[in-house]
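The structure under discussion appears below in the form of structure tokens.
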Amino acid sequence: MISENKNYNENKLRIGVIGLGRMGLMHAALFNSLPESKLVAVADPSNFPSKPLGIINPSIRIFQDAEEMLANCELDGVLISTPVLMHVPLSISCAEKNIPFLLEKPLSINSAEALPLISKLKENHITNMIGYVYRFLDSFVKGKEILETNCLGNIQRISANIYISQLFQKGKGWRYDPKVSGGGVLISLGSHIIDLLTWYFGPVKSVVGKVKSVYSPDIDDFAHLIMEHNSNKTSIIDCSWSVRFKRKIDVKIDILADNGTLIVSEDMVLLYLDKPSKDYKSGKTIFNANDLFRPAPIDIGTPKFTFQNIHFLDSIRKNTEADPDIMQGYHVQQIVDAGYKSSREGCIPVQINLNNNKSRN
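In the working numbering, the protein residues as written are 5 to 365.
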């Protein structure tokens, strides 16, 4: 349980944002627009994104140093959207000051680096969350709901992919420096689909991985994983940010079972059953985006971010655990680490130690 050492009044929650890249600016706009919260402070070493914010809204306090912001502002919550190298130190600073935080994924450069944060959160039970936002997309929520009815029966095969047309030459910037980002497409895009599969099928106990660099000499542009779940199910992942004709991120989970098939993508859920269940008819049932649409109070960066941030704010207000939390981010990081290790060592299976993990699946 979250400790009750901090009382929140009925006024808007005061939110600070660290890192004003594309994601940080989007979150800043969201938190400043939602009825439950207001943006009161931002921190970024560059004046370029923060100065216009101060002109538009002079009430927002602007800092170049994140630690200075955390020390000098009364904050009910913080959004951290920096290069990955800074995720753990800034999260620890929030935990030390009992400030709830939402951390953009991935958690860290590697899982070992995150252990001091895990220890700190066991001491300070504050609301914490990691930004695996596809859990808040209507179609993947519906896919989870269908799976939980057990209408498919025994699952035979699980395959998943995540693709985008992003990189067809050597990349520039921190995302392509493994010392700052932790790796390439597997830790970046791939961690989203890893999170979804652990949400659907439970923790992973072993991984076989293969990564490949085509355009990036220091990081991976293609990654393939075979994951053995604790539930004795096997899932297969293929991911790349160097696939042509993918203007936006293409995410799909394809499940084959004794009683049919379930295919979940961002735009649609397709269910085919040989025999009806109490919940669904036999034959084909399609749920498209319009069928599944939930109205969001504001849409900045697609509604899934709105629903994620509302969940974070609700968790702060109620002083409860958010989901997915940092421990889930840690498990995803363990899987990513195992994939890279397996690839380095000739695609051998790598076991994951789950003894200290708190499963939320």
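Ideal placement from N, C-alpha and C gives every residue a C-beta, glycine not left out. If you're wondering where the values come from, they're calculated on a predicted model, not measured in any experiment.
Item to check | Distance between Val-340 and Asp-224 (C-alpha atoms, nearest Å) | outcome: The count along the sequence shown starts at 1 and reaches residue 224 at position 220. The count along the sequence shown starts at 1 and reaches residue 340 at position 336. About 12 Å.
Next on the checklist: What residue range does the beta strand (DSSP E) around Ser-244 cover?
Outcome noted: The residue you call residue 244 lines up with position 240 of the sequence shown. Its beta strand (DSSP E) spans residues 238 to 244.
Checklist entry - Cα separation between Ala-118 and Ile-64? => result Taking the sequence shown and counting its residues from 1, the one referred to as residue 118 is at position 114. Taking the sequence shown and counting its residues from 1, the one referred to as residue 64 is at position 60. Going from the Cα of Ala-118 to the Cα of Ile-64 covers about 31 Å.
Checklist entry - Between which two residues does the beta strand (DSSP E) carrying Asp-254 extend? => result In the sequence shown, residue 254 corresponds to position 250, counting from 1. Segment 254 to 261, the beta strand (DSSP E) holding Asp-254.
Checklist entry - Do you know how far the Cα of Asn-15 is from the Cα of Ser-246? => result Residue numbering aside, residue 246 sits at position 242 when the sequence shown is read from its first letter. Residue numbering aside, residue 15 sits at position 11 when the sequence shown is read from its first letter. Cα to Cα, Ser-246 sits roughly 46 Å from Asn-15.
Next on the checklist: Which residue wins for smallest C-alpha separation from Glu-270, given the options Ile-240, Ser-286, Val-208, Asp-295?
Outcome noted: On the sequence shown, position 266 is the one that residue 270 refers to. Nearest C-alpha to Glu-270: Asp-295.
Item to check | Whole-angstrom C-beta distance between Leu-94 and Gln-337, which should lie under 8 Å | outcome: Numbered from 1 along the sequence shown, position 333 holds the residue referred to as residue 337. Numbered from 1 along the sequence shown, position 90 holds the residue referred to as residue 94. That belief does not hold up - the Cβ atoms of Gln-337 and Leu-94 are roughly 16 Å apart, past 8 Å.
Next on the checklist: Can you tell me where the alpha helix (DSSP H) holding Val-126 begins and where it ends?
Outcome noted: Residue mapping note: residue 126 aligns to position 122 of the sequence shown, counting from 1. In the sequence under discussion, the amino acid at residue 126 is Lys, which differs from the Val named in the question. Unbroken alpha helix (DSSP H) run through Lys-126: 119 to 127.
Item to check | Nearest residue (CA-CA) to Lys-252, options Val-145, Ser-169, Ile-134 | outcome: For the purposes of this step, residue 252 is taken as the residue at position 248 of the sequence shown. Nearest option by C-alpha distance: Ser-169.
Checklist entry - How is the beta strand (DSSP E) around Glu-232 delimited, first residue to last? => result Numbered from 1 along the sequence shown, position 228 holds the residue referred to as residue 232. First-last of the beta strand (DSSP E) with Glu-232: 226 to 233.
Checklist entry - By Cβ distance below 6 Å, which residues in the same chain neighbour Gln-355 in space, the five residues on each side in sequence not counted? => result What you label residue 355 is simply residue 351 of the sequence shown in a count that begins at 1. These residues qualify, in order along the chain: Ser-210.
Checklist entry - Which term fits Arg-179, buried or exposed, when burial requires 16 or more other beta carbons within 10 angstroms of its beta carbon? => result Counted from its first residue, the sequence shown places residue 179 at position 175. Arg-179 should be labelled buried.
Item to check | Delimiting residues of the alpha helix (DSSP H) encompassing Phe-144 | outcome: Locating residue 144 in the sequence shown gives position 140, counting from the first residue. Run containing Phe-144: 142 to 152, per the alpha helix (DSSP H) assignment.
Checklist entry - Does the distance from the CB of Ala-227 to the CB of Leu-190 come in under 9 Å? => result Along the sequence shown, read from residue 1 onward, the residue named residue 227 stands at position 223. Along the sequence shown, read from residue 1 onward, the residue named residue 190 stands at position 186. Contact: yes.
Checklist entry - So is Val-82 buried or exposed if we call it buried at 16+ other beta carbons inside 10 Å? => result Taking the sequence shown and counting its residues from 1, one reaches residue 82 at position 78. By the neighbour-count rule (16 or more Cβ atoms within 10 Å), Val-82 is buried.
Checklist entry - Grouping DSSP H, G and I as helix and E and B as strand, with all else coil, what is Met-5? => result Counted from its first residue, the sequence shown places residue 5 at position 1. With a pLDDT of 39 at Met-5, under the threshold of 50, the modelled position of this residue cannot be trusted; read the value that follows with caution. If DSSP states are grouped into helix, strand and coil, Met-5 belongs with coil.
Next on the checklist: Using C-beta distances below 6 Å, list every residue in its chain close to Ile-257, excluding the 5 sequence neighbours before and after it, in chain order.
Outcome noted: For the purposes of this step, residue 257 is taken as residue 253 along the sequence shown, with counting starting at 1. These residues qualify, in order along the chain: Ala-164, Val-268.
Checklist entry - Quick check: the stretch 28 to 40 against the stretch 310 to 322, are there 3 or more CB pairs under 8 Å? => result yes
Checklist entry - Do the stretch 14 to 31 and the stretch 41 to 49 touch if we need at least three Cβ pairs shorter than 8 Å? => result yes
Item to check | Element boundaries [alpha helix (DSSP H), containing Ser-95] | outcome: Sequence index remark: in the sequence shown, residue 95 carries index 91 (1-based). Looking at the DSSP string, the run of the alpha helix (DSSP H) that includes Ser-95 is 91 to 100.
Next on the checklist: Check this for me: beta carbons of Ala-326 and Thr-131, under 9 Å apart or not?
Outcome noted: Your numbering for residue 326 matches position 322 in the sequence shown. Your numbering for residue 131 matches position 127 in the sequence shown. In this structure, Thr-131 lies closer than 9 Å to Ala-326 by Cβ.
Checklist entry - Based on Cα-Cα distance, which residue from Ser-217, Cys-243, Thr-202, Met-331 lies nearest to Ile-166? => result For the purposes of this step, residue 166 is taken as residue 162 along the sequence shown, with counting starting at 1. That would be Cys-243, whose Cα lies nearest to the Cα of Ile-166.
Next on the checklist: What does the Cβ neighbour count give for Thr-324, buried or exposed, with the cut at 16 atoms within 10 Å?
Outcome noted: Against the sequence shown, residue 324 aligns to sequence position 320. Exposed.
Checklist entry - With burial defined as no fewer than 16 other Cβ atoms inside 10 Å of the residue's Cβ, what is the status of Ala-116: buried or exposed? => result For this step, residue 116 is matched to residue 112 along the sequence shown. Classification of Ala-116: exposed, given that the 10 Å Cβ count is below 16.
Item to check | Cβ distance (whole Å) where Tyr-344 is taken to contact Val-215 below 8 Å | outcome: Reading the sequence shown from its first residue, position 340 is the one you call residue 344. Reading the sequence shown from its first residue, position 211 is the one you call residue 215. Right, the Cβ-Cβ distance comes to about 7 Å (below 8 Å), so this counts as a contact.
Next on the checklist: Considering Cα atoms alone, identify which of Cys-155, Ile-103, Leu-151 is closest to Lys-282.
Outcome noted: If you number the sequence shown from 1, residue 282 lands on position 278. Taking only the C-alpha atoms, the option nearest Lys-282 is Cys-155.
Checklist entry - Nearest to Lys-126 by CA position, among Pro-353, Asp-329, Ile-352, is which residue? => result Taking the sequence shown and counting its residues from 1, the one referred to as residue 126 is at position 122. The residue with the shortest Cα to Cα distance from Lys-126 is Asp-329.
Checklist entry - Rounded to a whole number of angstroms, what is the C-alpha to C-alpha distance between Met-272 and Leu-200? => result Along the sequence shown, one-based indexing puts residue 272 at 268. Along the sequence shown, one-based indexing puts residue 200 at 196. Between Met-272 and Leu-200, the C-alpha separation is close to 16 Å.
Next on the checklist: Tell me which residues share the same chain as Asp-222 and place their Cβ nearer than 6 Å to its Cβ, disregarding the 5 neighbours each side in the sequence.
Outcome noted: For the purposes of this step, residue 222 is taken as residue 218 along the sequence shown, with counting starting at 1. Cβ neighbours of Asp-222 beyond the five flanking positions: Pro-182.
Item to check | Delimiting residues of the alpha helix (DSSP H) encompassing Asn-313 | outcome: For the purposes of this step, residue 313 is taken as the residue at position 309 of the sequence shown. Element bounds for Asn-313: 307 to 322.
Next on the checklist: With the cut-off set at 9 Å, would you say Leu-171 and Met-133 are in Cβ contact?
Outcome noted: Translated into the one-based positions of the sequence shown, residue 171 becomes position 167. Translated into the one-based positions of the sequence shown, residue 133 becomes position 129. Cβ atoms of Leu-171 and Met-133: not closer than 9 Å.
Next on the checklist: Please identify the residue among His-233, Leu-260, Met-331 whose C-alpha is closest to the C-alpha of Pro-353.
Outcome noted: As a working note, residue 353 is residue 349 in the sequence shown. Closest option to Pro-353, Cα to Cα, is His-233.
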